[in-house]
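Q: This is the structure I want to talk about, given as structure tokens.
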Amino acid sequence: RAGVPMPKVAIASSEQPNAFATGRSPEKGVVCFTKGILKLLPIDELEGVTAHELAHIKHRHMLVGAIAATLAGMIMMLSRFAMFFGGGRNRQNNNPVALIALMILAPVAAMIVQMAISRQNEYQADRSGARIAGRPSGLANALRRMDAYAKQIPMDVNPAAAALAIVNPLSGRRSLGAMRFFSTHPPTEERIARLEALSHSDTVR
13 RAGVPMPKVA
23 IASSEQPNAF
33 ATGRSPEKGV
43 VCFTKGILKL
53 LPIDELEGVT
63 AHELAHIKHR
73 HMLVGAIAAT
83 LAGMIMMLSR
93 FAMFFGGGRN
103 RQNNNPVALI
113 ALMILAPVAA
123 MIVQMAISRQ
133 NEYQADRSGA
143 RIAGRPSGLA
153 NALRRMDAYA
163 KQIPMDVNPA
173 AAALAIVNPL
183 SGRRSLGAMR
193 FFSTHPPTEE
203 RIARLEALSH
213 SDTVR
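Quick look at the structure:
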């Protein structure tokens, strides 16, 4: 139903509820569940989460994320080169303020774009996962349950690995205003609203 080869399944010993997909291609796909998520979610919600992770594999989101991260890293390096080597010739004509602004703003812009791609990947995996599962309610309920858990007990996770989560693992830490542009995940409330809207349409049938 997902249109991808059966991925390998891994079980992580962590008691923190989480699931994620990895693999360079659909043929190399792996879906990992923690013991925590297997204990927390009922079967119908686990089906929704599984479909979401299969959608990540189907749409090659791991590859897309890796390319986005590589490009962001290249932009950061180029901005530093511009700072250190931009004044090599005709220093009197260089604008140091502009060079400093470039060094600061270029990496920030690259990071914002990278995080925006990550958020769009989550929306796409939600939508495609709902179609794979045949109903959006399982994933919507799982997101609601896991977001509530994360707000009560924030996951002990490195922010750099936040993308490897079904919901924003930093939900328990307030992220307001412009900081939302640096989030790997869309607001869970918005994801749930979109899934519930899908349940009233014919696109998942």
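Residue numbers for the sequence shown follow this note's numbering, beginning at 13 and rising by one. All C-beta atoms, glycine included, are put in the ideal place defined by N, C-alpha and C.
Is it the case that the Cβ atoms of isoleucine 165 and alanine 14 are separated by a distance below 8 Å?
A: Not closer than 8 Å, so no.
Q: Give every residue of the same chain whose Cβ lies closer than 6 Å to the Cβ of alanine 177, excluding the five residues on either side of it in the sequence, and list them in chain order.
A: The answer, listed in chain order, is Asn30.
Q: DSSP puts threonine 46 in a beta bridge; with which residues?
A: Ala24.
Q: So for alanine 31, helix, strand or coil by DSSP?
A: Strand at alanine 31.
Q: From isoleucine 116 to leucine 155, what does the alpha carbon distance come to, in whole angstroms?
A: Approximately 35 Å between the Cα atoms of the pair.
Q: If I measure Cβ to Cβ from glycine 35 and keep anything under 8 Å in the same chain, skipping five residues before and after, which residues do I get?
A: Counting only Cβ-Cβ distances below 8 Å, and skipping sequence neighbours, we find Pro19, Gly41, Val42, Ile69 and Met74.
Q: So, for alanine 80: in the same chain, excluding its five sequence neighbours on each side, which residues have a beta-carbon less than 8 Å away from its beta-carbon?
A: Only Val125, Gln126, Ile129 and Ser130 meet the Cβ criterion.
Q: By the 10 Å Cβ neighbour count, where 16 or more other Cβ atoms means buried, how is glutamine 132 classified, buried or exposed?
A: Classification for glutamine 132: exposed.
Q: Which one of Ala152, Leu114 and Val109 has the shortest CA to CA distance from methionine 89?
A: Looking at the Cα atoms, Leu114 is the closest of the given residues.
Q: If you run the structure through DSSP and keep just helix, strand and coil, what is alanine 174?
A: Note: alanine 174 maps to coil in three-state DSSP.
Q: Once DSSP output is grouped into helix, strand and coil, what is the label at asparagine 83?
A: Residue identity differs from the one stated: residue 83 is leucine in this sequence, not asparagine. Correct three-state label for leucine 83: helix.
Q: Is alanine 122 helix, strand or coil when you go by DSSP?
A: Three-state result, alanine 122: helix.
Q: Exposed or buried, which one is valine 109 when buried takes at least 16 other CB atoms within 10 Å?
A: Exposed.
Q: Do glycine 60 and serine 26 have their C-beta atoms closer together than 8 Å?
A: No, the pair does not count as a contact, with Cβ atoms beyond the cut-off.
Q: Hey, could you find the ends of the alpha helix (DSSP H) asparagine 180 is sitting in?
A: Looking at the DSSP string, asparagine 180 is not in any alpha helix (DSSP H), and its letter there is neither H nor E.
Q: CA-CA distance, glycine 146 and alanine 160?
A: Taking the straight line from one Cα to the other gives about 25 Å.
Q: Closest to proline 54 by C-alpha separation, out of Glu65, Arg157, Glu39 and Arg92, would be which residue?
A: Per the Cα distances, Arg157.
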